[in-house]
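Notes follow once the structure below has been shown.
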Amino acid sequence: MTDVSGAPRLLCVGDMDMDIILRVPKPPGPDQKVDGERVLQCPGGMAANVAVAARRLGMPTRLLAAVGDDAMGAEARAALERERLDLDHLAVRPGAATFFCVIMVDDRGEKSLVKALSPAYLPRPEDLTPKAFDGIAHLHMTFTRHDLALRAIELARAAGATVSLDLEAADLDSSGGSVRALVEAVDLLFLSAQSRPAVEAAIGPVGDRADRTVVTTMGDAGARVERGGREVARLPGHTVPVTDTSGAGDAFAGAFLTARLDGADDATALRFANAAAALSVRAYGAQTGLPDRSEVGAFLDARTPKDTHA
1 MTDVSGAPRL LCVGDMDMDI ILRVPKPPGP DQKVDGERVL QCPGGMAANV
51 AVAARRLGMP TRLLAAVGDD AMGAEARAAL ERERLDLDHL AVRPGAATFF
101 CVIMVDDRGE KSLVKALSPA YLPRPEDLTP KAFDGIAHLH MTFTRHDLAL
151 RAIELARAAG ATVSLDLEAA DLDSSGGSVR ALVEAVDLLF LSAQSRPAVE
201 AAIGPVGDRA DRTVVTTMGD AGARVERGGR EVARLPGHTV PVTDTSGAGD
251 AFAGAFLTAR LDGADDATAL RFANAAAALS VRAYGAQTGL PDRSEVGAFL
301 DARTPKDTHA
């Protein structure tokens, strides 16, 4: 069982933001206008979402991200402090506006988003220090600048930590070379079914190395785990009411990492993460619907365990 009061074991490096969520019938096309309803303003960002997901499940977690020194940044920091995240190494950018996203959620709960980037979008390599990695068992990165990612991996390895990366198709550069170097340096790779074909077209097969685990999320179809070119676990998705799919993949990653750090095998971690992701879509906002451990347990207890296969 996770020690909820201990020093951080998981470090998440990447983005945090504020999300402005609009409910729309459908996203507008070129030269179109649609009526929308502002639903919520709440913290988001992929790295922050993973950190909050893990923390709610009981994993002591540190977040290393960047934020502006404006009112929006103060609101985001206060919300994450209430989640009991370790923010001691958060980079605050004087005079910078906090990174935010406008997220449009349609009638099916599917999202489209616009990122309003700023100098506070990501931490810089110089924001990463060996002290931030003290006692850390695992580093998780959402895709970041290559120099930042390589510095984070260097410090994680020096601290004896394992490393995971969440990679999206939009993260690929034109050659794939620098992305390939990052993928080769990690122990665990998270991909979506939408991003995987583009990633493999750019850098080649990602699931064929014996010492790297690849987790592919497939939306309603569930998720699968591979190692050494072999599928070691697969589960279908859960049928649940959907309000907002924002952050479901982050919820999955945070839960999977929590279970693995607790010593779970691939199949057990997959089942746990699948349930956490299903629960996360019940409310507007990437972090609003993230479950705690008791909610995941009750959700699983109410359903017949699904078989995995090797």
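Reminder that position 243 of the sequence shown reads as 243 in full-length UniProt numbering, one-by-one numbering, no gaps.
Ideal placement from N, C-alpha and C gives every residue a C-beta, glycine not left out.
Note that this is a predicted model, so its numbers are computed, not measured.
Three-state secondary structure (DSSP) of residue i
i	result
residue 218	coil
residue 303	coil
residue 190	strand
residue 120	coil
residue 33	coil
residue 174	Confidence is the limiting factor: at residue 174 the pLDDT is only 49, short of 50, which leaves the residue's position unreliable and the question unanswerable from this model.
residue 86	strand
residue 182	helix
residue 290	coil
residue 80	helix
residue 68	strand
residue 281	coil
residue 57	coil
residue 273	helix
residue 52	helix
residue 98	coil
residue 245	coil
residue 295	helix
residue 135	coil
residue 204	coil
residue 237	coil
residue 265	coil
residue 254	helix
residue 6	coil
Member of the options whose CA lies at the smallest distance from the CA of residue i
i	options	result
residue 92	182, 280, 16, 296	16
residue 27	86, 105, 64	105
residue 275	9, 288, 249, 265	249
residue 124	89, 158, 109	89
residue 56	303, 156, 292, 265	292
residue 122	46, 185, 205	46
residue 40	14, 51, 101, 77	101
residue 239	201, 166, 280	280
residue 166	195, 83, 283	195
residue 42	273, 232, 247	247
residue 63	285, 139, 25	139
residue 311	136, 198, 296	Missing from the structure shown is residue 311; the chain here goes from 1 to 310 and no further.
residue 49	29, 37, 83, 30	83
residue 110	254, 24, 269	24
residue 146	32, 182, 44, 212	182
residue 134	37, 61, 228, 258	61
residue 59	7, 169, 159	7
residue 65	152, 116, 33	152
residue 298	285, 221, 283, 278	278
residue 258	168, 273, 193, 244	273
residue 218	228, 235, 209, 97	235
residue 231	209, 296, 243	209
residue 143	117, 170, 119	170
residue 191	300, 184, 168, 18	168
residue 114	44, 131, 160	44
residue 179	160, 155, 162, 148	148
residue 74	18, 289, 222	18
Sheet register partners of residue i (DSSP bridge)
i	result
residue 259	Looking at the DSSP assignment, residue 259 forms no beta bridge with any residue, so it has no partner.
residue 44	17
residue 226	214, 231
residue 113	103
residue 141	13, 165
residue 209	Paired residue(s): none; residue 209 is not in a bridge.
residue 22	38, 104
residue 63	12
Cβ of residue i within 9 Å of any chain D Cβ
i	result
residue 262	No chain D is part of this structure, which consists of one protein chain only.
Where the beta strand (DSSP E) through residue i begins and ends
i	result
residue 129	No beta strand (DSSP E) contains residue 129, which DSSP labels as neither H nor E.
residue 91	91 to 93
Check: residue i C-beta below 8 Å from any heavy atom of the ligand PLP
i	result
residue 203	The ligand PLP is not part of this structure, which contains no ligands at all.
Assumed close pair residue i, residue j - CB separation to whole angstroms, cut-off 8 Å
i	j	result
residue 358	residue 207	Here the chain covers residues 1 to 310 and nothing more, so residue 358 does not appear.
residue 76	residue 254	Wrong, their Cβ atoms sit about 18 Å apart, outside the cutoff.
residue 186	residue 212	7 Å
residue 269	residue 256	5 Å
Residue span of the alpha helix (DSSP H) that contains residue i, given as start and end
i	result
residue 195	Here residue 195 belongs to no alpha helix (DSSP H), and DSSP marks it neither H nor E.
residue 146	146 to 158
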